[in-house]
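Taking it in order: structure first as structure tokens, then the write-up.
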Amino acid sequence: MSLISLQNITLSFGGPPILQQVNLQIEPGERVCLIGRNGEGKSSLMKLIAGDLKPDSGNIIRQQKLRVARLSQDVPLDLNGSVFEVVAGGLGELQKLLTQYHDISVRLSSGGGENLLTEMETVQHQLETAGGWQAQQRVETVISRLQLNVDSNFSELSGGMKRRVLLARALVSDPDLLLLDEPTNHLDINAITWLEEFLLNTNISLLFVTHDRMLLRKLATRIIDLDRGCLTSWPGNYDTYLRRKAETLAAETSQQTRFDKKLAQEEIWIRQGIKARRTRNEGRVRDLIEMRKECKARQEIVGRARMQIHEAVPSGKLVAELKGVTFGYDDKIIIQNFSTTILRGDRVGIIGPNGSGKTTLLRLLLGDLKPQQGSVRLGTNLETAYFDQHRALLDENDTVINNVGEGNDMLTINGRQRHIIGYLQDFLFAPDRARSPVRILSGGERNRLLLAKLFTKPANILVIDEPTNDLDAETLELLEELLFDYKGTVLLVSHDRVFLDNVVTSTFVFEKEGKVQEYAGGYDDWLIQRPAEIAETKPTLEKKIKKKLKPAAPRKLTFREARELESLPQRIEAMETEQQEIYNSMADPSFYQQDSALISQAKARIEELEQSLAIAYERWEELEAINPNGKK
0 MSLISLQNIT LSFGGPPILQ QVNLQIEPGE RVCLIGRNGE GKSSLMKLIA
50 GDLKPDSGNI IRQQKLRVAR LSQDVPLDLN GSVFEVVAGG LGELQKLLTQ
100 YHDISVRLSS GGGENLLTEM ETVQHQLETA GGWQAQQRVE TVISRLQLNV
150 DSNFSELSGG MKRRVLLARA LVSDPDLLLL DEPTNHLDIN AITWLEEFLL
200 NTNISLLFVT HDRMLLRKLA TRIIDLDRGC LTSWPGNYDT YLRRKAETLA
250 AETSQQTRFD KKLAQEEIWI RQGIKARRTR NEGRVRDLIE MRKECKARQE
300 IVGRARMQIH EAVPSGKLVA ELKGVTFGYD DKIIIQNFST TILRGDRVGI
350 IGPNGSGKTT LLRLLLGDLK PQQGSVRLGT NLETAYFDQH RALLDENDTV
400 INNVGEGNDM LTINGRQRHI IGYLQDFLFA PDRARSPVRI LSGGERNRLL
450 LAKLFTKPAN ILVIDEPTND LDAETLELLE ELLFDYKGTV LLVSHDRVFL
500 DNVVTSTFVF EKEGKVQEYA GGYDDWLIQR PAEIAETKPT LEKKIKKKLK
550 PAAPRKLTFR EARELESLPQ RIEAMETEQQ EIYNSMADPS FYQQDSALIS
600 QAKARIEELE QSLAIAYERW EELEAINPNG KK
């Protein structure tokens, strides 16, 4: 049975329908990627599936007791508390038990009595029955891998960090169906690769929207395409989808050309003289009326963005030379003894974890910061344009036109005069949208606006800090082509691995302890060239959990750990018994004569048990290592 089924769904917000008679089914175990242009209605479709929005017409049938979790692009206004509390909130009722257990532990450590011990045993039993310890382990692991500070106040975080917390909240909830809207925004490459592994090793069904083409290629088992209110399903991989989609659009264009030609001929016929009108074929007249209606109702294919970079007079051959540069804040070294030479025409990618110092390195390369040690020599005739990931260059309350034109109706781009409306249409802003305030734009539209503003400035150095967030794949590919053909110098900070591979000629990588290493080529080239000790630090999920849970130094077991150690043998025995029962049933030939969904469910449960047993055995060994003599 499908997890969810959408039947003839229509949705509009007062204008043309965003969704028109849409049908969709999601099966257990599927990982479905939803593709469409910015503003097509992908987020609205996810809200419908999550139950946060009601359709104008049609039916949505959900599997009984279906659990759905959704990461949206919008941050809820009613969430507060610490990061840990917000993330653990994804556990539902388990959060209350874990909080209660924590409170009792604190009171016991202050000298509580027998009543507290009895209450502790009750709560601990409830947690074990409900799988509470595994849930807490899941919370801790996700928080660690997404590099979140558990004690931070959620309300005080930046918008990007809030979305990371909400991603963690969605991941720990263990839903039947997980809806992710641009999950890689504001994640660094390490976090993205962990997220890929996490999602590949879980049995959760997935519907996701992403601009990250490598994530898409690795995860998607099916692609659905939302185009002008219609939803189509494309089995196979992303590259097959691109080829077949292009063929479909070409066929549609050809068909529309024939239709328009016939309509023009009929319009000429209907306007002939009196004699022709007296002998007019009434059926032909009715056909013409229908053709007019069809033409009026047609939704044209949205044009492709036509961006161009305003190039300045070339810079000198040398752009920047760094020798033995060291820089830090307070007592923390960010960059240590880094040397490099950047020449005109180089396209340099910068890779590193969030907070490692990528923006600091950019400022050193541009001469905005002075090194604490070493020297920076800049070239001559440098004209820089800066794409800021935080969109600080945009005035939220002003219109799109004024943000780009700054009061001017005409722009000069590469020696050619352009009207501001025509220029913005190249970036897919219709005239009415161009007159709208920036604050109502989607994330993708804001990034396109920032590119439009950036490319009005003559520049021979482009500094682009995380340009790919929220952009659709087609706009990303055009931006790649522009940067590849650009004659100036490009300094690019990005977590988009395909984007890096397609654009840069060399890569600066933050490795450890302020060390920045230069490699030839893009992301894949770095993977090949990186030192063996770095390549070997990509552990499996189980090893990651083990490493995280391993104590830093010899110590005694906590009260919770002691109870956990006591319960582990029984838990392991129960899982092994269940595992053997499934194996016995699979050995029976009649097993494979039942419904395919039941067969898939049994196989999935076997994989889940194997993973859980591996983690449980390792956890048992760790706790025994802390408690070799059986003492607390």
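Each step along the sequence shown adds one to the number in numbering that gives the first Met the number 0, with nothing skipped, and position 12 is 11. The beta carbon of each residue, even a glycine, is placed where N, CA and C say it ideally should be.
Residue range of the beta strand (DSSP E) that Leu56 falls in? Residue identity check: residue 56 is Ser in the sequence provided, not Leu. First-last of the beta strand (DSSP E) with Ser56: Ser56 to Arg61.
Kindly give me the distance between the Cβ atoms of Ile341 and Thr359, rounded to whole angstroms, as I take these residues to be in contact under 8 Å. Actually they are not in contact, since the Cβ atoms of Ile341 and Thr359 sit about 16 Å apart, beyond 8 Å.
Count the CB pairs spanning the stretch 218 to 229 and the stretch 189 to 205 that are closer than 8 Å, and state whether there are at least three. yes
Nearest neighbour of Gly414, chosen from Phe509, Glu310 and Lys357 [CA to CA]: Glu310
What is the DSSP secondary structure of Glu535, reduced to helix, strand or coil? Any reading at Glu535 must be qualified, since the residue scores a pLDDT of 49, below 50, and its modelled position is unreliable; the value itself is stated next. Looking at Glu535 - three-state DSSP - the assignment turns out to be coil, as it is neither helix nor strand.
Identify, in the order they occur along the chain, each residue of the same chain with its Cβ nearer than 6 Å to the Cβ of Ala384, setting aside the five sequence neighbours on each side. Leu453, Lys456, Ala458 and Leu461
Does the count of Cβ pairs from the stretch 506 to 519 and the stretch 347 to 361 closer than 8 Å reach three? yes
Quick one: using the 10 Å Cβ neighbour count with 16 as the cut-off for buried, is Gly131 buried or exposed? buried
To which residues of the same chain is Ser584 closer than 6 Å at the C-beta, ignoring the five residues directly before and after it? Phe590
Same chain, Cβ closer than 6 Å to Glu127, five either side skipped, listed in chain order: Ser566
From what residue to what residue does the alpha helix (DSSP H) around Tyr328 run? Here Tyr328 belongs to no alpha helix (DSSP H); instead the beta strand (DSSP E) covers Leu317 to Tyr328.
For His210, does the three-state DSSP call read helix, strand or coil? coil
Whole angstroms is fine: what's the gap from Pro553's alpha carbon to His124's? Note that Pro553 has pLDDT 48, beneath the 50 cutoff, so the model's placement of it is unreliable and the number below is only indicative. If you take the alpha carbons of Pro553 and His124, they lie about 28 Å apart.
Beta-carbon spacing of Val318, Thr488 below 8 Å: yes
Could you check the C-alpha separation between Val171 and Phe83 for me, to the nearest Å? 11 Å
Roughly how many angstroms lie between the CA atoms of Ser163 and Leu145, to the nearest whole one? Reading off the sequence, residue 163 comes out as Arg, not Ser. Straight-line Cα distance between these residues: approximately 7 Å.
According to DSSP, which residues form a beta bridge with Tyr100? None; Tyr100 has no bridge partner.
Shortest alpha-carbon distance to Met0 belongs to which of Glu26, Ser11, Asn7 and Phe426? Glu26
For Ile17, name the three-state secondary structure that DSSP assigns. coil
Just checking, does the stretch 203 to 211 make contact with the stretch 237 to 245 on the three C-beta pairs under 8 Å criterion? no
Starting from the Cα of Gly35, find the closest Cα among Leu93, Phe507 and Glu181 and give me that residue. Glu181
DSSP on Thr506, reduced to helix/strand/coil? strand
How would you write the range of the alpha helix (DSSP H) that Gly373 sits in, first residue to last? Segment Gln372 to Leu377 is the beta strand (DSSP E) holding Gly373; no alpha helix (DSSP H) there.
With burial defined as no fewer than 16 other Cβ atoms inside 10 Å of the residue's Cβ, what is the status of Gly91: buried or exposed? exposed
Starting from the C-beta of Ile332, find all residues in its chain whose C-beta is less than 6 Å away, skip the five residues before and the five after it, and write them out in chain order. Gly513
Per the contact definition of three or more C-beta pairs closer than 8 Å, is the stretch 2 to 18 in contact with the stretch 58 to 77? yes
Other residues of its chain near Phe337: CB distance less than 7 Å, five sequence neighbours each side excluded: Leu321, Val324 and Val515
Test item: CB-CB of Val502 and Glu479 under 8 Å: yes
Does DSSP put Gln255 in a helix, a strand or coil? helix
Helix, strand or coil for Gly35 per DSSP? coil
Mind checking who Glu310 pairs with in its DSSP beta bridge? Ala458
Are the Cβ atoms of Asp500 and Gly521 separated by less than 8 Å? yes
Let me know if Thr411 comes out buried or exposed under the rule of 16 or more other beta-carbons within 10 Å of its beta-carbon. exposed
In whole angstroms, give me the CA-to-CA distance for Ser56 and Ile48. 14 Å
Coil, strand or helix - Leu2 by DSSP: coil
For Tyr485, which three-state DSSP category applies? coil
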